[in-house]
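Comments concern the structure below.
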Amino acid sequence: MLVQFTDIHYIYIDNDIKIQAMNILDFAINYPDEESCRKKFKEQRDQMGVTCRHCNCKEHYWLENKQAYECKRCRARQTLRSGTVMQHSNLPYRYWFVAMHLLTATKGSFSAAELQRQLGHKRYQPIWEMVNKLRDVMGKRDDEYTLEGAIELDDAFFSTEISLQERDKPLKRGRGSQKKTKVLVMAESKTVENPKPGKKPKKVRYLKMKVINDLKAGTITRNVKEHVESTADLTTDDSTSYTKLKEHVHSHTASVIPHEDLSNVLPWVHTAISNAKRQLLGVYYKIKPEYLQYYLNQFCYKFNRRYFGENQFERLLIAAVTYAPDFKSRIYNRNYCG
Numbered sequence: 048m049l050v051q052f053t054d055i056h057y058i059y060i061d062n063d064i065k066i067q068a069m070n071i072l073d074f075a076i077n078y079p080d081e082e083s084c085r086k087k088f089k090e091q092r093d094q095m096g097v098t099c100r101h102c103n104c105k106e107h108y109w110l111e112n113k114q115a116y117e118c119k120r121c122r123a124r125q126t127l128r129s130g131t132v133m134q135h136s137n138l139p140y141r142y143w144f145v146a147m148h149l150l151t152a153t154k155g156s157f158s159a160a161e162l163q164r165q166l167g168h169k170r171y172q173p174i175w176e177m178v179n180k181l182r183d184v185m186g187k188r189d190d191e192y193t194l195e196g197a198i199e200l201d202d203a204f205f206s207t208e209i210s211l212q213e214r215d216k217p218l219k220r221g222r223g224s225q226k227k228t229k230v231l232v233m234a235e236s237k238t239v240e241n242p243k244p245g246k247k248p249k250k251v252r253y254l255k256m257k258v259i260n261d262l263k264a265g266t267i268t269r270n271v272k273e274h275v276e277s278t279a280d281l282t283t284d285d286s287t288s289y290t291k292l293k294e295h296v297h298s299h300t301a302s303v304i305p306h307e308d309l310s311n312v313l314p315w316v317h318t319a320i321s322n323a324k325r326q327l328l329g330v331y332y333k334i335k336p337e338y339l340q341y342y343l344n345q346f347c348y349k350f351n352r353r354y355f356g357e358n359q360f361e362r363l364l365i366a367a368v369t370y371a372p373d374f375k376s377r378i379y380n381r382n383y384c385g
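Following my numbering, the numbering of the sequence shown begins with 48 at its first residue and continues without gaps.
Below, the structure written as structure tokens:
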């Protein structure tokens with residue numbers, strides 16, 4: 048039996064049922080040209096509703112010749128792209144749809160350089176920005192939800208390029224290395240009754256990964272308050288960074304965890320860290336620390352919707368219509384960004 052689901056709700060599926068993502072042939076049939084993509088984008092925006100930026104009126108005329116909405120109250124206009132992920136972009140709608148399809152249909156990921164080659168676009172920069180804007184709205188969508196129940200929490204260090212501010216300083220080793228970026232990882236899990244031999248004792252539901260500047264208790268606590276419900280039960284190691292967490296959640300279990308027991312105490316948070324690192328190292332080249340969060344947004348967004356099948360595309364389209372990105376970039380060539 049399939050269970051009805053919404054954007055972030057977990058889906059339980061019988062073992063004999065599989066949900067498949069929309070394949071490339073289905074995509075080509077559904078969105079064969081620029082007009083079909085533009086029409087679908089407008090259809091989704093109309094469904095979500097358009098709000099006037101000047102008077103907050105929700106009633107508009109559609110001006111086909113201007114490709115814009117006109118407010119019925121104050122006559123202010125906004126284009127079809129305004130207030131969406133495509134705001135300030137002149138790239139074709141079909142570019143965006145192809146990118147959204149690849150982001151949701153592929154099990155792993157792909158580089159912006161590869162997407163540029165597939166699209167036949169001359170310049171790398173706008174394609175890279177397009178993909179990162181989609182990663183930005185993925186993060187915005189996931190930030191609408193907080194984790195609850197049993198939560199595993201730990202920090203990790205992801206390999207990134209040395210930032211411009213640190214390049215002239217002596218290279219440090221270990222956890223303080225300039226080649227490492229600190230990330231707080233949280234996994235909402237559920238205990239499995241009578242797990243099969245060799246299987247983890249817990250089943251993961253959702254993930255959150257947040258880039259942090261330091262491992263101070265205040266930084267960790269602030270992130271937990273923002274992304275975890277106060278009714279949650281946290282499990283961590285005995286790091287001093289976690290000493291204040293018990294004040295903000297229902298319970299906090301902190302203990303010294305021998306390396307051989309990690310798979311039992313924090314099974315999913317470390318699996319998530321390992322999988323994310325493997326994907327980033329396998330696909331992208333020299334990720335800059337200021338952009339790492341966007342790549343983590345993509346990893347968590349896809350993981351949290353791993354059972355949505357072809358509905359992943361529709362869900363990302365909703366996010367693309369709902370949120371305008373904050374993403375800002377400098378000019379880089381293709382050798383420095385994934």
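Note that the Cβ used here is the ideal one computed from N, Cα and C, for glycine as well. The model shown is predicted, which means the values in this text are computed figures rather than measured ones.
Look at Val-230 and Ile-198 and say whether their C-beta atoms are less than 9 Å apart. Indexing the sequence shown from 1 puts residue 230 at position 183. Indexing the sequence shown from 1 puts residue 198 at position 151. Taking 9 Å as the Cβ cut-off, Val-230 and Ile-198 do not qualify as a contacting pair.
Within the segment 308-382, ranges of the alpha helix (DSSP H) (whole runs, at least 4 residues): 309-312, 314-330, 339-351, 358-369, all fully within the segment 308-382.
8 Å contact criterion, which Leu-162 and Ala-146 should meet: CB distance rounded: Along the sequence shown, read from residue 1 onward, the residue named residue 162 stands at position 115. Along the sequence shown, read from residue 1 onward, the residue named residue 146 stands at position 99. Yes, they are in contact, since the Cβ atoms of Leu-162 and Ala-146 sit about 6 Å apart, within 8 Å.
Glu-357 versus Glu-276 - alpha carbon distance: As a working mapping, residue 357 is identified with position 310 in the sequence shown. As a working mapping, residue 276 is identified with position 229 in the sequence shown. The alpha-carbon atoms of Glu-357 and Glu-276 are separated by roughly 30 Å.
Shortest alpha-carbon distance to Gly-96 belongs to which of Val-368, Phe-374, Ser-376? For this step, residue 96 is matched to residue 49 along the sequence shown. Checked all of Val-368, Phe-374, Ser-376; the closest Cα to Gly-96 is Val-368.
Cβ contact (3+ pairs, closer than 8 Å) linking the segment 132-142 and the segment 311-324: no
Segment limits, alpha helix (DSSP H) that includes Tyr-140: Along the sequence shown, one-based indexing puts residue 140 at 93. Run containing Tyr-140: 140-152, per the alpha helix (DSSP H) assignment.
If we define contact as Cβ-Cβ less than 9 Å, is Ala-323 a contact residue for chain C? The structure shown contains no chain C; it holds only a single protein chain.
Of all the alpha helix (DSSP H) runs that stay within the bounds of the segment 56-134, which reach a length of 4 or more residues? 71-77, 81-95
Gln-125, buried or exposed, once every other Cβ within 10 Å from all chains shown has been counted against 16: Locating residue 125 in the sequence shown gives position 78, counting from the first residue. When all chains shown are included, Gln-125 counts as buried.
Hey, how far is the Cα of Ser-236 from the Cα of Asp-201? Your numbering for residue 236 matches position 189 in the sequence shown. Your numbering for residue 201 matches position 154 in the sequence shown. Ser-236 and Asp-201: Cα-Cα distance of roughly 14 Å.
Applying the 10 Å Cβ sphere with the 16-neighbour rule, what's the burial state of Val-178? Taking the sequence shown and counting its residues from 1, one reaches residue 178 at position 131. Under this definition Val-178 is a buried residue.
What does a CB cutoff of less than 6 Å around Phe-144 pick up in its chain, not counting 5 residues either side in sequence? Your numbering for residue 144 matches position 97 in the sequence shown. Excluding sequence neighbours, Phe-144 sits near Tyr-78, Cys-84.
Restricting to Cα atoms, I'd like to know which of Ala-203, Thr-238, Lys-243 is closest to Lys-226. Reading the sequence shown from its first residue, position 179 is the one you call residue 226. Measuring from the Cα of Lys-226, the nearest candidate turns out to be Ala-203.
Please report the distance separating the alpha-carbon of Val-132 from that of Thr-282. Translated into positions along the sequence shown, residue 132 becomes position 85. Translated into positions along the sequence shown, residue 282 becomes position 235. Straight across, the Cα-Cα distance linking Val-132 with Thr-282 is about 36 Å.
Could you tell me if His-297 is buried or exposed, where buried requires 16 or more neighbouring beta carbons within 10 angstroms of its beta carbon? What you label residue 297 is simply residue 250 of the sequence shown in a count that begins at 1. The residue is exposed, with fewer than 16 neighbouring Cβ atoms inside 10 Å.
Check whether the Cβ atoms of Ile-374 and Asp-183 sit closer than 9 Å, and answer yes or no. As a working note, residue 374 is residue 327 in the sequence shown. As a working note, residue 183 is residue 136 in the sequence shown. It should be noted that the sequence gives Phe, not Ile, for residue 374. A contact, by the Cβ cut-off of 9 Å.
With DSSP run on the structure shown, which of helix, strand or coil describes Glu-191? For this step, residue 191 is matched to residue 144 along the sequence shown. Looking at Glu-191 - three-state DSSP - the assignment turns out to be coil, as it is neither helix nor strand.
Using DSSP with H/G/I as helix, E/B as strand and the rest coil, what is Arg-269? Translated into the one-based positions of the sequence shown, residue 269 becomes position 222. It is helical.
Cα-Cα, which of Thr-238, Ala-234, Ile-209, Val-232 is closest to Ser-224? Here residue 224 is taken as the residue at index 177 of the sequence shown, counted from 1. It is Ile-209.
Measure the alpha-carbon distance for Ser-376 versus Asn-241 and round it to whole angstroms. The residue you call residue 376 lines up with position 329 of the sequence shown. The residue you call residue 241 lines up with position 194 of the sequence shown. Roughly 49 Å between the two C-alpha positions.
Thinking Leu-327 and Tyr-342 are a contact (beta carbons under 8 Å), I'd like their distance in whole angstroms, please. Numbered from 1 along the sequence shown, position 280 holds the residue referred to as residue 327. Numbered from 1 along the sequence shown, position 295 holds the residue referred to as residue 342. With a Cβ gap of about 6 Å, Leu-327 and Tyr-342 count as contacting.
Let's see if you can read the secondary structure: which residues bound the alpha helix (DSSP H) around Ala-203? Position 156 of the sequence shown, counting from 1, holds the residue named residue 203. It is not in any alpha helix (DSSP H) - Ala-203 instead sits in the beta strand (DSSP E) that spans 197-206.
Confirm, please, whether the CB-CB distance from Val-232 to Leu-254 is below 9 Å. Working through the sequence shown from its first residue, we reach residue 254 at position 207. Working through the sequence shown from its first residue, we reach residue 232 at position 185. Their beta carbons are under 9 Å apart, which means Leu-254 touches Val-232 by this criterion.
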